[in-house]
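Chains S and D are the protein sequences, given in the same order. Counting from 1, position 245 in the first sequence corresponds to residue 245 in my numbering; the numbering is continuous, with no gaps. Counting from 1, position 57 in the second sequence corresponds to residue 57 in my numbering; the numbering is continuous, with no gaps. We put the beta carbon where it would ideally sit given N, CA and C, even for glycine. Remember, predicted model here, so these are calculated numbers, not experimental data. See structure below.
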Amino acid sequence: MNKTDVLIIGAGPTGLFCAHQLGIIGLSCEIVDNLDKAGGQCIELYPDKPIYDIPAVPECTGEELTNNLLEQIKPFNVKFHLNERVEQLKKTESRWNIKTSGGKEFDVAAIVIAGGVGSFEPRKFSLKECEKFEGSSLFYSIKDKTIFNDKTISIFGGGDSALDWAIELSNTSKVNLIHRRDGFSGAEASVKKVKELNDNGKLNLFTKYQMDSVSGDKNIESLKIKHDEGEIKEIKSDYVLGFFGLIMQLGPILNWGLNINKKTIEVNTENFETNIKGIFAIGDICSYPGKLKLILSGFHEGALAARGCFKYAKPDEKLRFEFTTTSKAAQERLGIKK
Amino acid sequence: MAKITYHTHDNKTHTVDVQKGLTVMEGAIQNDIPGIDADCGGGMACATCHVYVKEEWLDKLPAKEDGEEDMLDMAFEPKNNSRLSCQLIVSDELDGLEVNIPSKQG
Chain S
1 MNKTDVLIIG
11 AGPTGLFCAH
21 QLGIIGLSCE
31 IVDNLDKAGG
41 QCIELYPDKP
51 IYDIPAVPEC
61 TGEELTNNLL
71 EQIKPFNVKF
81 HLNERVEQLK
91 KTESRWNIKT
101 SGGKEFDVAA
111 IVIAGGVGSF
121 EPRKFSLKEC
131 EKFEGSSLFY
141 SIKDKTIFND
151 KTISIFGGGD
161 SALDWAIELS
171 NTSKVNLIHR
181 RDGFSGAEAS
191 VKKVKELNDN
201 GKLNLFTKYQ
211 MDSVSGDKNI
221 ESLKIKHDEG
231 EIKEIKSDYV
241 LGFFGLIMQL
251 GPILNWGLNI
261 NKKTIEVNTE
271 NFETNIKGIF
281 AIGDICSYPG
291 KLKLILSGFH
301 EGALAARGCF
311 KYAKPDEKLR
321 FEFTTTSKAA
331 QERLGIKK
Chain D
1 MAKITYHTHD
11 NKTHTVDVQK
21 GLTVMEGAIQ
31 NDIPGIDADC
41 GGGMACATCH
51 VYVKEEWLDK
61 LPAKEDGEED
71 MLDMAFEPKN
81 NSRLSCQLIV
91 SDELDGLEVN
101 IPSKQG
């Protein structure tokens, strides 16, 4: 059991800055995120793309912003629980009991949902039959690559994951790489390599083809792929891998009794509390009249939500407004030595 | 204003007036037309505003920017007439545009 004042769901910029604000006012927190690293959309969708509207930062990338925020919360030693999704919330007298997908449990006074547009999940094949094979002979990520040794693998996609795995697995397996168009979004060097391997017969590249059907009893045996012009090819395959990037899904948040409107959670603008006392929502996932989906708005929302958490974490204490410039307490928490 | 027609997956047709300068995605969101999620808010950073453009309109649309085709790789059942509706800015030339919204975005 992890006991802390506040649990933040989501390690994007908004969640990270909220951790900072909690730390400044003397509350402890831990952060859960479904991804394997902090940064949320900034890291997953645009790590190298520039952002120009962070106050006082004329230009930075998603990755730089994330690293700076992590640096800023360093003094508070915030504990991260990555690759975990919050599944269940239960009210226990005045506190909350939380369970994650990985079986971790938390006992907290308040919860801040900074979940962006939901948790990132792999985008799947649209074909219904694919579900039957998922986890046995059809995968959206690779945990143990040795199972593919000497087998025939059909990889779908045109991004870096698809290309990198096609190249790597071509050493030990027979690889078919299938993509919907001639162009690829992956790195140029990888595209070149894949084409070379195809020319040398080390890999079979099929462009302008998409999945048409899969067949097999318990495991996949073969699949049909369809060309833009309608031609259908049948290829034998032991495994199918799909790399179509990630989509965002609200997931279990939908079941917590929150007022949800168009995939966002309604909050008040005084402290960003939801319809459930003790649960706050900030950043892209919250909605209120005039909501702007900007990182800077998320920072503001996080600062107010952190103060909203105070009365739940320390019901007998009074929170006094202070500036970090002059507050001894805040500077102590930041580890500043004078 | 330009008239934009959205055909949703439940075989309903929604024809709405969309202000020039807005995108086809924003036109759908403002008019509560179902099936366009637009998770990233119009930043060409997801593929959840994906639409199929009626064939005769394809040539009249602005060409795709670099990133659009890359994002369409991640769309649900992309086809040759797939576009991201956040990249289609409504103008006089697009008055009468018709798009089909896929059965789902995820």
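| task | Decide if S/Gln88 is buried, meaning its Cβ has at least 16 other Cβ atoms within 10 Å, or exposed. | result | The count along the first sequence starts at 1 and reaches residue 88 of chain S at position 88. Per the 10 Å Cβ criterion, exposed.
| said: Going by the DSSP bridge assignment, what does S/Gln88 pair with across the sheet? | reply: Numbered from its first residue, the first sequence carries residue 88 of chain S at position 88. In the DSSP output, where bridge partners are listed per residue, S/Gln88 has S/Lys99.
| Hey, how far is the Cα of D/Ala63 from the Cα of D/Leu88? | Mapped onto the second sequence, residue 63 of chain D falls at position 63. Mapped onto the second sequence, residue 88 of chain D falls at position 88. Using only the alpha carbons, I get a separation of about 10 Å.
| Taking just the CA atoms, how far does S/Lys3 sit from S/Asn97? | Counting from 1 along the first sequence, the entry for residue 97 of chain S is found at position 97. Counting from 1 along the first sequence, the entry for residue 3 of chain S is found at position 3. Near 10 Å, if we compare the C-alpha coordinates of S/Lys3 and S/Asn97.
| Is the CB-CB distance between S/Leu241 and S/Leu205 below 8 Å? | Your numbering for residue 241 of chain S matches position 241 in the first sequence. Your numbering for residue 205 of chain S matches position 205 in the first sequence. No. Outside cutoff.
| Would the beta-carbon of S/Leu16 fall within 8 Å of that of S/Val6? | By one-based count along the first sequence, residue 16 of chain S stands at place 16. By one-based count along the first sequence, residue 6 of chain S stands at place 6. It is not a contact, given that the beta carbons lie outside the stated cut-off.
| When you check each C-beta in the segment 163 to 182 of chain S against every C-beta of chain D, which residues fall closer than 9 Å? | His179, Arg180, Arg181
| task | State whether the segment 140 to 154 of chain S contacts the segment 277 to 285 of chain S, with contact taken as three or more CB pairs (one from each stretch) at a distance under 8 Å. | result | The segment 140 to 154 of chain S is not in contact with the segment 277 to 285 of chain S.
| task | Drop a sphere of 10 angstroms on the beta-carbon of D/Gln30, count the other beta-carbons inside from all chains shown, and report buried for 16 or more, exposed for fewer. | result | Locating residue 30 of chain D in the second sequence gives position 30, counting from the first residue. Looking at its Cβ environment, which holds fewer than 16 other Cβ atoms inside 10 Å, D/Gln30 is exposed.
| Contact set for S/Asn271: own chain, Cβ-Cβ below 8 Å, skip 5 residues either direction | The residue given as residue 271 of chain S occupies position 271 in the first sequence. Around S/Asn271: Phe280, Leu304, Ala305, Arg307, Gly308.
| request: Quick one: list the residues of chain D neighbouring S/Leu45, beta-carbon separation under 9 Å, in chain order. | output: Stepping through the first sequence from its first residue, residue 45 of chain S is reached at position 45. What S/Leu45 touches in chain D: Cys40, Gly43, Ala45, Cys46.
| field | Chain-ordered neighbours of S/Phe244 on chain D, where CB pairs are closer than 8 Å | value | Here residue 244 of chain S is taken as the residue at index 244 of the first sequence, counted from 1. Ordered by position in chain D, the residues that pass the 8 Å Cβ test against S/Phe244 are Asp73, Met74.
| Secondary structure of S/Ala242, DSSP reduced to three states | Translated into positions along the first sequence, residue 242 of chain S becomes position 242. What sits at residue 242 of chain S in the sequence shown is Gly, not Ala. Strand.
| message | Is there a Cβ of chain D sitting closer than 8 Å to that of S/Ser119, yes or no? | response | Reading the first sequence from its first residue, position 119 is the one you call residue 119 of chain S. No, no contact with chain D.
| request: Alpha carbon to alpha carbon, how far is S/Ala109 from S/Phe310? Give it in angstroms, no decimals. | output: To locate residue 310 of chain S, count along the first sequence from 1; it is residue 310. To locate residue 109 of chain S, count along the first sequence from 1; it is residue 109. Computed Cα separation, rounded: 9 Å.
| said: So, at 7 Å on beta carbons, what are the nonlocal neighbours of D/Val16 in its own chain, with the 5 sequence-adjacent residues on each side left out? | reply: Residue numbering aside, residue 16 of chain D sits at position 16 when the second sequence is read from its first letter. Only Ile4, Gly27, Asn31 meet the Cβ criterion.
| Measuring CA to CA, which of S/Val214, S/Lys79, S/Arg95 is closest to S/Pro315? | To locate residue 315 of chain S, count along the first sequence from 1; it is residue 315. Closest by alpha carbon: S/Arg95.
| field | S/Arg307 in three-state terms, based on DSSP | value | Translated into positions along the first sequence, residue 307 of chain S becomes position 307. In this structure, S/Arg307 counts as helix in the three-state DSSP scheme.
| request: Tell me, please, whether the CB atom of S/Ser185 is closer than 8 Å to any CB atom in chain D? | output: As a position in the first sequence, residue 185 of chain S is number 185, starting the count at 1. Answer yes: the Cβ-Cβ gap between S/Ser185 and chain D drops below 8 Å somewhere.
| task | Quick one: grab the DSSP three-state call for S/Gln21. | result | Along the first sequence, read from residue 1 onward, the residue named residue 21 of chain S stands at position 21. In the structure shown, S/Gln21 sits in a helix (DSSP, three-state: H, G or I).
| Selected residue, minimal CA-CA separation from S/Gly158, among S/Phe76, S/Ser190, S/Ile142, S/Leu203 | Position 158 of the first sequence, counted from the start, is the residue given in the question as residue 158 of chain S. Of the listed residues, the one whose Cα sits closest to S/Gly158 is S/Ser190.
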